Amino acid sequence: MQRKTIENFRYVLQDEWLRYFKYGAAIFVALFLFLFLKETFANIDQQIRSNSTEIFYSGAQIPLSSPKEEQLNATLVVPKINVSAPIIFVNSVNPDDFNEPLKRGVTHFPSSLPGEKGAAIILGHSAPFGWMGGKYEKVFSEVNQLAVGDEVRVEFQGNTYVYLVSGATIVDGGGDIPQNILAVDHPRILLITCWPPGIVNKRIIVQADIV
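Our numbering applies: residue 142 is where the sequence shown begins, and numbers increase by one.
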């Protein structure tokens with residue numbers, strides 16, 4: 142009887158140990174994943190915040206001015222991907238000057254204004270699925286879903302300009318915007334972001350031409 146009791150007690154202890162081991166292993170795995178994902182997303186966050194505006198626009202002979210932002214009332218609307226964002230006009234070609242404005246919307250890189258002849262360059266953030274950052278840190282995450290003929294609208298200084306998507310191009314990060322996309326004799330808008338989302342070595346450029 143005593144031996145049976147001891148054996149039962151041993152089995153109970155074994156079950157308890159196994160249960161605690163499983164709990165401990167689960168906690169360890171959860172902690173590891175938390176720290177790993179925290180570090181991963183921290184790196185992605187740094188990339189998203191610091192590198193996404195590093196494009197080179199060979200046609201930009203724009204002197205730096207102060208203040209760096211122009212107070213112009215403008216909104217970008219892309220119905221297909223549920224985008225409605227204020228456009229902040231930045232009078233600078235320094236990537237660092239875009240970091241703060243990109244938290245508040247999309248930004249206009251010094252280029253043609255909406256409705257004017259030439260290409261209006263609009264920069265926005267993209268971020269991977271599940272990203273828990275700010276409202277506009279993934280505003281352009283779905284621009285790859287835009288197809289030829291999809292509508293892009295810009296509300297600017299009391300006017301509404303309607304553009305239709307005419308194509309998309311992938312370029313190296315830090316490379317020039319191709320001249321066949323940039324140099325046009327009619328109003329065009331370019332939506333530019335890092336691609337794929339969260340990766341900074343490529344850019345996607347979606348072009349849309351005025352109706």
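Where a beta carbon is used, it is the ideal one built from N, C-alpha and C, also for glycine.
Since the model is a prediction, treat every value here as computed from it, not as a measurement.
message = Let's see if you can read the secondary structure: which residues bound the beta strand (DSSP E) around N300?
response = In the sequence shown, residue 300 corresponds to position 159, counting from 1. Per DSSP, N300 belongs to the beta strand (DSSP E) from N300 to D313.
request  = List the endpoints of the continuous alpha helix (DSSP H) containing Q320.
outcome  = Translated into the one-based positions of the sequence shown, residue 320 becomes position 179. Element bounds for Q320: Q320 to L323.
ask   = For L287 versus I222, is the C-beta spacing smaller than 8 Å?
value = As a first step, residue 287 is located in the sequence shown; it is residue number 146 there, counting from the start. As a first step, residue 222 is located in the sequence shown; it is residue number 81 there, counting from the start. Taking 8 Å as the Cβ cut-off, L287 and I222 qualify as a contacting pair.
query = With 16 as the cutoff for other CB atoms within 10 Å, does A349 come out buried or exposed?
reply = By one-based count along the sequence shown, residue 349 stands at place 208. Buried.
request  = Run the CB neighbour count on A324, radius 10 Å, all protein chains shown included, and call it buried at 16 or more, exposed below.
outcome  = In the sequence shown, residue 324 corresponds to position 183, counting from 1. Label assigned to A324: exposed.
task = Could you spell out where the beta strand (DSSP E) holding G259 opens and where it closes?
result = Reading the sequence shown from its first residue, position 118 is the one you call residue 259. Element bounds for G259: G259 to L264.
ask   = Can you name, in chain order, every residue of its own chain whose Cβ lies under 7 Å from the Cβ of T301, other than the five neighbours on each side?
value = Here residue 301 refers to the residue found at position 160 when the sequence shown is read from its first residue. The residues are R294.
inquiry  = Just to confirm my understanding: we take L120, look at its own chain, exclude 5 residues before and 5 after, and list those with CB closer than 6 Å. What are they?
reply    = No information on residue 120 is available, as it lies outside the stretch 142 to 352 that the chain covers here.
query = Quick one, which of F230, V303 and G315 has its alpha-carbon nearest V219's?
reply = If you number the sequence shown from 1, residue 219 lands on position 78. Selected option, being the one with the closest Cα: V303.
inquiry  = Applying the 10 Å Cβ sphere with the 16-neighbour rule, what's the burial state of G265?
reply    = By one-based count along the sequence shown, residue 265 stands at place 124. Buried, by the Cβ-count rule.
task = Let me know if P319 comes out buried or exposed under the rule of 16 or more other beta-carbons within 10 Å of its beta-carbon.
result = As a working mapping, residue 319 is identified with position 178 in the sequence shown. Label assigned to P319: exposed.
inquiry  = Please report the straight-line C-alpha distance between G339 and K276, rounded to a whole angstrom.
reply    = As a first step, residue 339 must be located in the sequence shown, where it is residue number 198. As a first step, residue 276 must be located in the sequence shown, where it is residue number 135. The alpha-carbon atoms of G339 and K276 are separated by roughly 15 Å.
Residue from G259, V341 and P242 with nearest C-alpha to I322 = Within the sequence shown, residue 322 is the residue found at index 181, counting from 1. The residue with the shortest Cα to Cα distance from I322 is G259.
message = Applying the 10 Å Cβ sphere with the 16-neighbour rule, what's the burial state of E211?
response = Here the question's residue 211 lines up with position 70 in the sequence shown. The residue in question, E211, is exposed, as its Cβ has fewer than 16 Cβ neighbours within 10 Å.
Residue from V312, A261 and P242 whose Cα sits closest to the Cα of W336 = Counting from 1 along the sequence shown, the entry for residue 336 is found at position 195. Of the listed residues, the one whose Cα sits closest to W336 is V312.
key: Distance CB(L217)-CB(I228) smaller than 8 Å   = Residue numbering aside, residue 217 sits at position 76 when the sequence shown is read from its first letter. Residue numbering aside, residue 228 sits at position 87 when the sequence shown is read from its first letter. Contact flag set, yes.
request  = Please classify P328: does DSSP put it in a helix, a strand, or coil?
outcome  = Position 187 of the sequence shown, counted from the start, is the residue given in the question as residue 328. Looking at P328 - three-state DSSP - the assignment turns out to be strand.
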